[in-house]
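Here is the structure we will look at.
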Amino acid sequence: MRRTHYCGELRRGHAGARVTLCGWVHRRRDHGGLIFIDLRDREGLIQVVFNPAVDTQTHALAHDLRSEYVIEVSGTVAARPEGTVNPNLPTGEVEVAASALTVLSEAETPPFEVEGEAEVGEALRLKYRYLDLRRPSLQRILRLRHVAAQSIRGFLNARGFIEVETPMLTKSTPEGARDYLVPSRVNPGVFYALPQSPQLFKQILMVAGIDRYYQIARCFRDEDLRADRQPEFTQIDLEMSFVDREDIWSLMEEMLVAVFREASGITVATPCPRMSYAEAMARFGTDKPDTRFGMELADVGPLVRGAGFKVFAQALEQGGEVKGICAPGMAGASRKELDDLTEFAKGFGAKGLAWMKVAAEGIDTPITKFFKPEEASAIVHAMGGKSGDLLLFVADKSPIVAETLGRLRLHLAGKLRLIPEVRYDFLWVTDFPLLEYDEAEKRYTAMHHPFTAAMDEDIPLLESSPLKVRAKAYDIVLNGTEIGGGSIRIHRQDLQERMFERLGIGPEEAKAKFGFLLEALQYGAPPHGGIALGFDRLVAILVGVESIRDVIAFPKTQKAVCPLTDAPSPVTRDQLKELHIKMDL
RNA sequence: GGGGGCGUAGUUCAGCCGGUUAGAACGCUGGCCUGUCAAGCCAGAGGUCGCGGGUUCGAGCCCCGUCGUCCCCGCCA
Numbered sequence: 007m008r009r010t011h012y013c014g015e016l017r018r019g020h021a022g023a024r025v026t027l028c029g030w031v032h033r034r035r036d037h038g039g040l041i042f043i044d045l046r047d048r049e050g051l052i053q054v055v056f057n058p059a060v061d062t063q064t065h066a067l068a069h070d071l072r073s074e075y076v077i078e079v080s081g082t083v084a085a086r087p088e089g090t091v092n093p094n095l096p097t098g099e100v101e102v103a104a105s106a107l108t109v110l111s112e113a114e115t116p117p118f119e120v121e122g123e124a125e126v127g128e129a130l131r132l133k134y135r136y137l138d139l140r141r142p143s144l145q146r147i148l149r150l151r152h153v154a155a156q157s158i159r160g161f162l163n164a165r166g167f168i169e170v171e172t173p174m175l176t177k178s179t180p181e182g183a184r185d186y187l188v189p190s191r192v193n194p195g196v197f198y199a200l201p202q203s204p205q206l207f208k209q210i211l212m213v214a215g216i217d218r219y220y221q222i223a224r225c226f227r228d229e230d231l232r233a234d235r236q237p238e239f240t241q242i243d244l245e246m247s248f249v250d251r252e253d254i255w256s257l258m259e260e261m262l263v264a265v266f267r268e269a270s271g272i273t274v275a276t277p278c279p280r281m282s283y284a285e286a287m288a289r290f291g292t293d294k295p296d297t298r299f300g301m302e303l304a305d306v307g308p309l310v311r312g313a314g315f316k317v318f319a320q321a322l323e324q325g326g327e328v329k330g331i332c333a334p335g336m337a338g339a340s341r342k343e344l345d346d347l348t349e350f351a352k353g354f355g356a357k358g359l360a361w362m363k364v365a366a367e368g369i370d371t372p373i374t375k376f377f378k379p380e381e382a383s384a385i386v387h388a389m390g391g392k393s394g395d396l397l398l399f400v401a402d403k404s405p406i407v408a409e410t411l412g413r414l415r416l417h418l419a420g421k422l423r424l425i426p427e428v429r430y431d432f433l434w435v436t437d438f439p440l441l442e443y444d445e446a447e448k449r450y451t452a453m454h455h456p457f458t459a460a461m462d463e464d465i466p467l468l469e470s471s472p473l474k475v476r477a478k479a480y481d482i483v484l485n486g487t488e489i490g491g492g493s494i495r496i497h498r499q500d501l502q503e504r505m506f507e508r509l510g511i512g513p514e515e516a517k518a519k520f521g522f523l524l525e526a527l528q529y530g531a532p533p534h535g536g537i538a539l540g541f542d543r544l545v546a547i548l549v550g551v552e553s554i555r556d557v558i559a560f561p562k563t564q565k566a567v568c569p570l571t572d573a574p575s576p577v578t579r580d581q582l583k584e585l586h587i588k589m590d591l
């Protein structure tokens with residue numbers, strides 16, 4: 007080993023020690039006589055002084071040092087002279103008086119400053135990711151990610167979980183996201199798929215009697231990207247046998263407590279609150295409520311039913327809802343602001359937005375003539391409106407009301423700065439519907455996935471009123487972000503077949519696509535359930551960044567391209583020929 | 001597939017109503033400088049204004065197209 011210490015670890019106590027350091031030239035301050043270098047390695051910065059009085063030749067060599075040169079420096083650690091201590095640096099009380107210098111690697115001037123704090127375009131950062139990753143902020147994130155992963159492993163290991171790797175080359179499945187396909191050279195014309203998740207394998211591991219499985223698993227989905235969605239991402243995936251939902255919930259709560267404490271020193275209060283899907287939709291208009299602030303949706307249907315306002319009355323007559331939210335202190339909103347909010351609302355399918363401004367002297371609203379004064383004040387009262395508040399209403403079919411007001415709630419809370427920054431609100435959302443109806447395809451689809459068990463008491467409704475069937479499915483939500491979801495699975499073959507039938511997957515197709523699972527369920531499957539947590543999202547929240555790209559070492563752009571490697575890229579004719587693949591572009 | 005933002009020096013940006021030679025800061029190069037740490041001072045280099053077309057006497061600026069990038073909708077069991 008060339009080095010004796012890391013740059014960042016030197017302290018006053020090292021004074022007098024002869025050390026050899028290796029690292030990158032972070033910054034050079036050349037005074038002609040004296041030359042100062044900030045030398046950087048992964049542990050931090052240390053000031054190195056090149057003084058001709060110490061070694062003339064070494065001082066002369068240091069003249070040619072440039073940013074990001076990789077060097078080896080030997081010298082003596084010395085307490086800094088009076089008045090030259092740098093309190094901004096952990097190593098600021100000492101410096102290294104260099105007596106020998108070797109340039110291990112010269113470096114081109116980097117395309118952006120590794121040292122600089124200035125925001126650099128992401129495309130450039132990703133192309134030169136190795137430079138970007140040198141920056142202390144990203145080094146910190148990668149290490150925190152590592153600590154979080156190790157914390158999770160330690161926690162699950164201690165509770166008897168076995169980490170099992172499942173195949174990356176697996177079978178394409180019809181449900182869910184688009185698969186990444188991999189051709190098979192030895193089997194012309196057929197394809198593997200990269201896993202969207204290890205779902206089926208972990209269930210089969212339960213049939214295999216593993217009892218408790220986990221994996222920090224890479225997953226692949228060929229869908230369009232977002233700030234929180236990459237084509238390959240990492241899940242904390244686990245499954246347990248002989249458990250109920252509560253077992254999973256309490257286990258996950260303990261695990262989150264451990265991870266947040268060990269990775270970031272954050273205390274998570276448990277047990278986490280639980281809320282049914284129905285309640286979440288009613289109160290927050292979304293299945294992943296951000297509970298860090300109020301502004302909940304208020305149902306004013308009963309109060310406006312009798313009033314003369316046609317828009318409201320019609321929505322109710324057609325089985326819809328009239329709900330509103332109260333935007334505190336926004337009574338001063340201008341015509342333009344209200345128009346903008348209306349446009350925002352229309353973006354989610356609402357036909358419009360009704361509003362009331364609450365003032366000390368009364369209520370200001372364009373729909374005033376439709377309400378008697380006492381009706382209007384009953385509405386204000388029901389919504390907790392105070393003088394200076396703005397009430398916003400949407401009347402429509404229930405899903406549109408929920409979506410519009412839910413989005414409006416988040417939009418306004420952001421604008422009004424109502425969301426506390428340093429707060430971690432966990433929430434279990436439970437009792438999801440088992441099925442949704444796909445209008446386009448005219449069939450039912452699984453809301454979670456086709457292997458999710460129904461609530462026992464709802465099973466009889468599977469054929470008669472499928473949309474009323476609740477699932478033993480749950481999501482864990484943190485600050486309005488879904489960070490994980492899971493369910494108790496179907497462990498009986500007859501029920502699994504019934505589910506496929508309900509989903510319009512015929513016996514033939516079920517056998518072709520999932521025959522191995524159905525067969526496994528015939529050989530003694532334990533009741534089981536599990537969960538998968540989005541590890542990237544979790545880390546992003548832990549370090550406080552918006553995009554999961556910032557917590558992935560080598561992420562892809564929105565077009566799913568890797569600017570560093572230029573993947574995906576063309577392949578040779580010979581490669582394609584060997585795979586029996588012809589292009590049709 | 002759709003909506004929106006951005007694209008000017010190595011980087012981050014400014015660039016007025018379309019008008020002469022496109023600027024700033026940082027970085028870079030050279031020089032001076034023995035206590036700096038965002039070192040300082042002096043000098044200098046550096047531009048296909050993403051690309052293509054159009055309008056115009058004249059385009060970084062206006063129009064059309066296109067590419068890249070970011071945000072969002074759709075999509076993501």
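If you read the first sequence in this note's numbering, its first letter stands for residue 7, the second for the next number, and so on. All C-beta atoms, glycine included, are put in the ideal place defined by N, C-alpha and C.
First through last residue of the alpha helix (DSSP H) which encompasses residue i
i: V274; result: Per DSSP, V274 belongs to no alpha helix (DSSP H) and is neither H nor E.
i: P513; result: 513-527
i: Y198; result: Premise fails: Y198 lies in the beta strand (DSSP E), 197-199, not in any alpha helix (DSSP H).
i: K316; result: 316-323
i: L592; result: Residue 592 cannot be examined here, being either before or after the span of the chain that is shown, 7 to 591.
Distance, residue j Cα to residue i Cα
i: Q270; j: L150; result: Checking the sequence shown, residue 270 turns out to be Ser, not Gln. Each residue's Cα considered, the two are about 8 angstroms apart.
i: R17; j: F56; result: 19 angstroms
i: M494; j: A313; result: In the sequence as displayed, the identity of residue 494 is Ile instead of Met. Approximately 46 angstroms between the Cα atoms of the pair.
i: L130; j: V213; result: 48 angstroms
i: A546; j: T487; result: 11 angstroms
i: P533; j: D253; result: 13 angstroms
i: V192; j: L175; result: 14 angstroms
i: G29; j: D47; result: 5 angstroms
i: P96; j: H32; result: 16 angstroms
i: G535; j: E238; result: 24 angstroms
i: R311; j: V188; result: 58 angstroms
i: T240; j: V274; result: 23 angstroms
i: G530; j: L211; result: 12 angstroms
i: F266; j: A66; result: 50 angstroms
i: K171; j: D542; result: The sequence given here has Glu at residue 171, not Lys. Cα-Cα distance, rounded: 19 angstroms.
i: E302; j: M246; result: 36 angstroms
i: S73; j: S553; result: 29 angstroms
i: D70; j: S111; result: 12 angstroms
Minimum C-alpha distance to residue i - residue among the options
i: P405; options: E128, G291, Q209; result: G291
i: A562; options: E49, E463, E229, K316; result: Note that residue 562 is Lys in the sequence shown, not Ala. Ranking E49, E463, E229, K316 by Cα distance to K562 puts E229 first.
i: A304; options: S73, A384, S471; result: A384
i: L87; options: S80, V79, V100, Y75; result: The sequence shown places Pro at residue 87, not Leu. With distances taken between Cα atoms, P87 lies closest to V100.
i: L200; options: L467, P308, R184; result: R184
i: A164; options: A23, A321, E260, E114; result: E260
i: D444; options: E181, K392, E409; result: E181
i: V572; options: A23, G19, L132; result: For the record, residue 572 in the displayed sequence is Asp; it is not Val. When only C-alpha atoms are compared, the closest one is L132.
Residue i - containing beta strand (DSSP E), residue span
i: Y450; result: 449-452
i: M246; result: 238-247
i: E496; result: It is Ile, not Glu, that sits at residue 496 in the sequence shown. Careful: I496 lies outside any beta strand (DSSP E) and carries neither H nor E.
i: D44; result: 41-47
i: G535; result: 534-540
i: V60; result: First-last for V60: undefined, no H or E at that position.
i: T436; result: 432-436
i: G368; result: 368-370
Residue i beta carbon near the ligand ZN (any heavy atom closer than 8 angstroms)
i: L144; result: Questions concerning the ligand ZN fall outside what the structure shown contains, since it holds no ligand whatsoever.
DSSP beta-bridge partners of residue i
i: A221; result: Inspection of the sequence shows that residue 221 is occupied by Gln rather than by Ala. Answer is D243.
i: P439; result: R476
i: F350; result: DSSP output for F350 lists no bridge partner at all.
i: K329; result: D305, V400
i: Q53; result: D44
i: G291; result: DSSP lists no partner for G291.
i: C28; result: E78
i: A573; result: C568
Within the chosen definition, does the stretch 414-427 reach the stretch 454-472 through at least 3 CB pairs nearer than 8 angstroms? no
Assess contact between the stretch 412-420 and the stretch 321-339, defined as three or more Cβ pairs (one per stretch) separated by less than 8 angstroms. Is contact present? yes
Could you say if the stretch 516-526 and the stretch 490-505 meet the contact criterion of at least three C-beta pairs nearer than 8 angstroms? yes
On the three-pair Cβ rule with 8 angstroms, is the stretch 382-401 touching the stretch 429-442? Fewer than three Cβ pairs drawn from the stretch 382-401 and the stretch 429-442 lie within less than 8 angstroms of each other, which leaves the two stretches out of contact.
Per the contact definition of three or more C-beta pairs closer than 8 angstroms, is the stretch 158-173 in contact with the stretch 218-228? yes
If you pair each beta-carbon of the stretch 515-524 with each one of the stretch 201-212, do three or more pairs fall below 8 angstroms? yes
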